[in-house]
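Following: one structure in structure tokens, then a few remarks.
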């Protein structure tokens with residue numbers, strides 16, 4: 035195996051180790067939250083998803099359905115938001131008389147003396163990493179307009195200063211009423227993930243552990259004592275960010291997933307293919323390099339790529355090139371099976387990091 039192949043393999047191994055560690059911790063957080071709550075599996079998973087995807091979430095449902103409890107519980111598992119770890123968590127109950135000062139901080143008296151309008155935003159929403167906004171749709175129009183840019187663009191205009199790249203990862207908005215006016219409707223549009231949190235079900239269902247249970251009976255027959263295990267932070271927001279970046283590498287496109295085997299772990303994306311395209315301008319010709327990433331999710335795809343006649347060693351060079359087009363079905367080709375999860379593979383593309391097919395097969399673990 036060449037030196038470049040060994041270096042790539044070591045880098046992939048480190049990334050996969052980090053990936054698997056964060057994944058296990060995330061699964062453990064979901065399990066521990068479900069152990070402490072009854073019939074809130076979907077809300078728990080979507081809250082973790084919103085934190086992972088850095089998107090805002092709406093928990094909609096009648097009063098008394100643990101919308102606040104599930105949000106506060108999640109923050110106890112995150113180092114950055116736990117009370118004893120710095121508490122970059124903001125929470126507020128909204129009502130018609132809630133003012134901008136209640137959410138974004140009061141005016142700075144020192145700046146007022148100098149003729150400047152500026153707020154003390156420390157420990158308020160602009161400095162929070164995760165925010166829980168209870169009944170935010172009840173806020174007045176002036177407050178809603180400030181929330182829109184903060185939640186969507188992560189910016190806030192503080193006097194003559196524009197605060198950009200706010201640390202807000204996700205805003206959790208809880209509500210038991212449908213937004214009626216235009217301002218509340220605009221806020222609703224900023225909440226891409228939405229979950230309906232209903233009363234505890236009285237019907238038999240399968241819980242997150244695959245067990246048949248009746249949630250309402252579980253509540254009625256429970257002895258309400260403090261949970262034996264103390265809640266300890268498991269992940270930091272930087273862990274979520276690292277996992278998010280790795281997920282984008284592994285699932286670059288919505289179609290890039292193994293539909294037939296959703297539980298099968300993906301093969302690391304070790305194949306990078308690039309093409310050199312000739313373009314002509316004013317009679318001159320030059321080469322432009324376009325990098326492309328080809329993601330393998332199954333052993334079958336790895337076997338197909340290396341032994342299916344798609345790649346060949348180019349004689350007289352150190353290049354491995356694509357010699358056969360991959361099938362990429364269009365919407366009209368519903369009965370046609372794609373070769374590689376709807377990914378493009380064109381003739382002439384070169385393989386980066388490998389000078390032979392044997393080196394590639396060794397990394398992918400493909401046998402002859």
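Residue numbers (our numbering): 35 to 402.
Cβ coordinates follow ideal geometry from the N, Cα and C atoms, glycine included.
Residue i, buried or exposed, once every other Cβ within 10 Å from all chains shown has been counted against 16
i	result
residue 223	exposed
residue 205	buried
residue 217	buried
residue 15	This structure cannot settle anything about residue 15, because the visible part of the chain is limited to 35 through 402.
residue 348	exposed
residue 226	exposed
residue 58	exposed
residue 370	exposed
residue 181	buried
residue 314	At residue 314, the pLDDT of 37 sits below 50, so the modelled position is not reliable; the number obtained from the coordinates is stated separately. Flag for residue 314 reads exposed.
residue 229	buried
residue 213	buried
residue 74	buried
residue 196	exposed
residue 382	exposed
residue 150	exposed
Closest by C-alpha distance to residue i, when choosing among the options
i	options	result
residue 203	339, 115, 72, 232	115
residue 134	249, 125, 153	153
residue 221	232, 103, 192, 208	208
residue 174	197, 148, 131	131
residue 186	193, 160, 168, 211	160
residue 67	212, 124, 94, 109	109
residue 354	374, 389, 378	389
residue 337	392, 387, 381, 384	392
residue 52	345, 339, 350, 281	281
residue 55	394, 172, 269	269
residue 192	124, 158, 168, 62	158
residue 168	395, 352, 384, 97	97
residue 188	198, 345, 211	198
residue 378	396, 329, 346, 142	329
Beta-carbon proximity list for residue i, same chain, < 7 Å, skipping 5 on both sides
i	result
residue 86	274, 277, 278
residue 88	203, 204, 278
Nonlocal neighbours in the same chain, by C-beta distance under 8 Å from residue i, ignoring five residues either side
i	result
residue 343	357, 358
CB-CB length for residue i against residue j, believed under 8 Å
i	j	result
residue 81	residue 91	6 Å
residue 94	residue 231	7 Å
residue 99	residue 233	6 Å
residue 177	residue 112	So it is not a contact: roughly 27 Å between Cβ atoms.
residue 105	residue 166	5 Å
residue 123	residue 170	Contact flag wrong, Cβ pair sits at about 16 Å.
residue 396	residue 374	About 20 Å separates the two Cβ atoms, so there is no contact after all.
Short CB-CB distance (under 8 Å) between residue i and chain D
i	result
residue 217	Considering every chain present, this structure includes no chain D. It has just one protein chain.
Close-in-space but distant-in-sequence residues of the same chain around residue i (CB under 6 Å, 5 per side omitted)
i	result
residue 398	336
residue 287	Because the pLDDT of residue 287 is 48, which lies under 50, any placement of that residue in the model is unreliable, and the question is left without a value.
residue 139	153, 154, 155, 158
Complete beta strand (DSSP E) runs within the segment 337-361 (minimum length 3 residues, chain order): 345-347, 354-356, all fully within the segment 337-361.
Mind listing, in chain order, the continuous beta strand (DSSP E) runs of no fewer than 3 residues lying wholly within the segment 86-130? As far as the segment 86-130 is concerned, its whole beta strand (DSSP E) runs of at least 3 residues are 91-94, 123-127.
Start-end ranges of the beta strand (DSSP E) lying completely within the segment 181-211, minimum 3 residues: Runs found: 190-192, 195-197, 204-209.
Ranges of the beta strand (DSSP E) found wholly within the segment 368-402, counting only runs of at least 3: Fully enclosed beta strand (DSSP E) runs of 3 or longer: 384-386.
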